[in-house]
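Line order of the protein sequences matches chains S and C.
Residues 1 to 466 in my numbering are what the first sequence spells out, letter by letter.
Residues 1 to 466 in my numbering are what the second sequence spells out, letter by letter.
Beta carbons are placed, not taken as given, at the ideal position from N, Cα and C, and that holds for glycine.
Here the structure is a predicted model, which is why all the values come from computation and not from measurement.
Protein chains: 2
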Amino acid sequence: MLNENKTYSYEDLIFLLEQKKYTDLMRRIDTLPPIDAANFLTSIDGTYFPIVFRLLKKDTAAKIFAELDPDRREELINGLTDRELSPILNELFVDDTVDMLEEMPAGMVTRIMKIASPETRAEINRFLAYPIDSAGSVMTSEFLDLKRSMTCSEAIEKIRRIGLEKETVYVAYVINSERVLEGVVPLKKLLFASADAKIGEIMDQNVVFGYTHDDRETVARMISHYDLLAIPIVDKERRLVGLVTVDDALDVLRDEDTEDIERMAAILPTDKPYMRTGIWETWKKRIPWLLLLMISATFTGAIITHYETAIGKYAILTAFFPMLMDTGGNAGGQTSVTIIRALSLGEISPRDIFRILRKELCVALLCGITLSAVTFLKIMAIDFRFTLQSVTESGIVQNNLAIALVVSVTVLFSIPIAKLVGTLLPLGAKKIGMDPAVMASPFITTIVDIAILFLYFSIAARVIGF
Amino acid sequence: MLNENKTYSYEDLIFLLEQKKYTDLMRRIDTLPPIDAANFLTSIDGTYFPIVFRLLKKDTAAKIFAELDPDRREELINGLTDRELSPILNELFVDDTVDMLEEMPAGMVTRIMKIASPETRAEINRFLAYPIDSAGSVMTSEFLDLKRSMTCSEAIEKIRRIGLEKETVYVAYVINSERVLEGVVPLKKLLFASADAKIGEIMDQNVVFGYTHDDRETVARMISHYDLLAIPIVDKERRLVGLVTVDDALDVLRDEDTEDIERMAAILPTDKPYMRTGIWETWKKRIPWLLLLMISATFTGAIITHYETAIGKYAILTAFFPMLMDTGGNAGGQTSVTIIRALSLGEISPRDIFRILRKELCVALLCGITLSAVTFLKIMAIDFRFTLQSVTESGIVQNNLAIALVVSVTVLFSIPIAKLVGTLLPLGAKKIGMDPAVMASPFITTIVDIAILFLYFSIAARVIGF
């Protein structure tokens, strides 16, 4: 022992313990450095140990738990029920849990993984070396494994014995002696088969499975695509290491969709519900894109400034800025969001680029013609009679027809440009391994703004001549 | 396509087909997941397609039939005689048949209704009466119902007898003599209970259920929230009429999220995958909002025109139009999209309006201050030195500091306005029973543009004086 100087002594604590002054004892322990509290608890009689531990506040218990020596910890895990252990585990820092798990016998690891909340489990799995957002990080290691040579009644007997502990008992997997995945047996089939049929005969060898390093969204989409209750997860040698259940898949897909939606709206993804995200945290998630996009608008400013003299003469041109830019942004946003969603659902891949481009450009042409015609008619029939009346009367040199023409030709060309940008950016992002969801309306709008303004002034310069 | 790991390939099947080894081919197809078998059949030559289909076992044929894409299915219905079609239709689950009928031309519907057995026809008619997107329209009427007075072994016997026909056999529901829902028994519990225990003793009386007229998204979210394999659906008298299974919930949530995402991007929702939506159809889904939003921009045009003389003198003010409008649109879009998603996940409701407003306005203030400060510094330090250089040299009357001030004050106030609009519109839409998803970035942007331009010119008029 180190020769430590302290303002308190174990003797005081032991006195309180012996006098059964538990309230005072707990208050004292609460104020101790956790390592000291752990040492104190380790020093007391083994029968008192779990009793005292149970009385501790949850967070204190977790901190002390992390500091206990491995033997004492295992003793405690064996002495506590799942209900007592669960809050403590969920209070523990995940790295502590992982450190702890790495030193533990396999059976105990399994029990702890089962008690942990899904979030804790995801984190533990991730810490245990599976990449973030991988199938490995969301899987559970609780599954039913059978051997080919078992009979159905032996299998049912095994399931009865251990099944209630398992997260799902409705699907069992068949593995060989190297633990390689060989087949799947739905419980339904097992129940209705004759008692002495061999598992190897009734199992289905066509198993859809995922690898630990697969994206968690991919395996969740496979569960959805194949209407599965669970998907087995294997390592590189195809050895069964876990499974992802349909309820976890639902959570994964909800979170992935929320993340996509947030990214599409220029927000950094949060993983907390709206009401539980604080003001500063919300600000931190929203300000980076707002700043970046605001600063990118420097380019549009520069283009406008470049044509400043022309604007001085034809100020009416600026009246169409918002319409042109919003329409371009909306048209590009429609395409990019459609493509982002189709990529995320696995309906298309960057390999389909030429078919997608052909389709998008045809649609863009149709939209461009429609919008261009409507805008021309609207400017001639409405704007010059009502909203732009003051301008036509103000005596500044201009030509109504020329302006209507400039605006409508700009619309005609800007829709294909917007839809092209909206097609190429998400597909390109996917191709280079970025999240395509970032390439949605806000980002597209900024780029499309630049192109449209440039186009607008170029056309105006030719038609009106400045 | 999904990154799928499978233990089989289409090449083997095509080889068997080309070698005319039909028996082997049928055996292989029999073991495939129906959706893969459907994709395989869709990929083969059209003339082989009905031939191969006729050779399939009835129940396999029905499962594959349910997974075919609508065009292929209609082709097949036209190619088969009533006698060939009838057993397939009667093997189909009623909810699949109803989904199919909803997409079919009238003549074909009549033919199918004629072939169907009277019982099936009656059920189809009942399903067709449930409102679109209701729980009733997605539920299956195939479920396991037990009585309280049964013993576990009687229940298992009943499940063995009819269970394989049912879409799910993993949850059974307990009903009384009036068919009113009384409890739920997971098969797991049934298996591990003693054979002569009564169902009434082991059932769980706390059943989560939905009504036929509930929104399909609501019941799907309940399945996700409670980690259920299925949710029972009852009528107004709480009589059990069907159930929605977790795989249907996955489909519902995928479609609902896709619809939300489309609406948020100003697209009318399609229910077809991207690659199967034709050019005209895509145009029809995209053009209405583009037109509407384009025409709404008439108001921004009018505001700008109103200040036309000022713009003639201070053309530099227009250089900040895109930045101001995009930033406002992005800020409002972030808020509206966050709120739309939280509403859709049931995290918030219009009743929380004051807490939401307080939070959003605090965040808006923080964002406004940050963006305003950055834009002021950027204009002074960068814009006037580089991008706006030509302007300051052009001799037009102006005051750099005043302009930087006008722009940054506009930013400061426009962020809270944008976030206010982004909060109120989706909450208001929800309150009056509209889909809040329509109130996303494109719509918000148009409204926010008007407010910001008005603000910008008002501030400019005071500071610069025109």
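Residue-chain proximity (S/K21, chain C), Cβ-Cβ < 8 angstroms
no
With a cut-off of 8 angstroms, do at least 3 Cβ pairs link the region 370-381 of chain S to the region 284-300 of chain C?
yes
Proximal residues of chain C, C-beta to C-beta of S/A106 below 7 angstroms:
Here the premise fails: no neighbours, minimum Cβ distance about 25 angstroms.
What number of angstroms, rounded off, separates the C-alpha of C/R111 from the C-alpha of C/P50?
18 angstroms
Tell me the DSSP secondary structure of S/K198 in three-state form.
strand
Could you check where the beta strand (DSSP E) with S/T245 kicks off and where it finishes?
240-245
What number of angstroms, rounded off, separates the C-alpha of S/F209 from the C-alpha of C/I35?
16 angstroms
Unbroken alpha helix (DSSP H) run spanning C/G183, endpoints:
First-last for C/G183: 181-186, but that is the beta strand (DSSP E), not the alpha helix (DSSP H).
Could you spell out where the beta strand (DSSP E) holding S/A473 opens and where it closes?
The shown model of chain S, from 1 to 466, leaves out residue 473 of chain S, and the question about it has no answer.
Can you pull out the residues from the region 317-329 of chain C whose beta carbon lies closer than 7 angstroms to at least one beta carbon of chain S?
T318, A319, F320, F321, P322, M323, M325, D326, T327
Spatial neighbours of S/I459 in its chain, beta-carbon cut-off 6 angstroms, leaving aside the 5 residues before and after:
V406, V409, T410
State the Cα-Cα distance for the pair S/I88 and C/I159, rounded to the nearest angstrom.
41 angstroms
Using three-state DSSP, classify S/G433 as helix, strand or coil.
coil
As a quick exercise: from C/I340, C/Y130, C/T140, C/V207, pick the residue whose alpha carbon is nearest that of S/K262.
The displayed chain sequence assigns Glu, not Lys, to residue 262 of chain S. S/E262 has its Cα closest to that of C/I340, out of C/I340, C/Y130, C/T140, C/V207.
Can the beta-carbon of C/M108 be found less than 8 angstroms from the beta-carbon of C/R121?
no
Locate the beta strand (DSSP E) running through S/P442, then write down its first and last residues.
No beta strand (DSSP E) contains S/P442, which is instead part of the alpha helix (DSSP H) from 441-463.
Supposed contact pair C/A37 and C/I64 - C-beta distance, whole angstroms, cut 8 angstroms
5 angstroms
Compute the distance between the beta-carbons of S/V138 and S/L181, then report whether it is under 8 angstroms.
no
Identify whether C/F93 lies in helix, strand or coil by the three-state DSSP scheme.
coil
Here's the rule: buried if 16 or more other CB atoms are within 10 angstroms of the residue's CB, otherwise exposed. What is C/L190?
buried
Same chain, Cβ closer than 7 angstroms to S/R72, five either side skipped, listed in chain order
T42
What span of residues does the alpha helix (DSSP H) with C/L371 cover, start to end?
353-378
Classify C/E178 as buried or exposed, calling it buried when 16 or more other Cβ atoms lie within 10 Å of its own Cβ.
exposed
Given 8 angstroms, three or more beta-carbon pairs between the region 13-25 of chain C and the region 319-337 of chain S
no
Is C/I231 helix, strand or coil by DSSP?
strand
Return the CA-CA distance between C/I29 and S/V171, expressed in angstroms with no decimal places.
22 angstroms
Could you check the C-alpha separation between C/M264 and C/M439 for me, to the nearest Å?
7 angstroms
Spatial neighbours of S/L427 within its chain, please: C-beta separation below 6 angstroms, excluding the five flanking residues on both sides.
P350, I353
Of the residues that make up the region 330-344 of chain S, which ones have a beta carbon closer than 7 angstroms to any beta carbon in chain C?
N330, A331, G333, Q334, V337, T338, R341, A342
Does the Cβ of S/P442 have 16 or more other Cβ atoms within 10 Å, making it buried, or fewer, making it exposed?
buried
Please list the segments of the alpha helix (DSSP H) lying wholly inside the region 26-104 of chain S, counting only runs of 4 or more residues, in order along the chain.
34-43, 48-55, 58-67, 70-79, 82-91, 94-102
Any Cβ of chain S within less than 8 angstroms of the Cβ of C/D227?
yes
Could you tell me the boundaries of the beta strand (DSSP E) in which C/D214 lies?
Premise fails: C/D214 is in no beta strand (DSSP E) and is neither H nor E.
Going by DSSP, what residue range makes up the beta strand (DSSP E) through C/D133?
Premise fails: C/D133 is in no beta strand (DSSP E) and is neither H nor E.
Give a yes or no on whether the C-beta atoms belonging to C/A129 and C/L92 are separated by under 8 angstroms.
no
What's the C-alpha gap between S/I175 and C/D59?
29 angstroms
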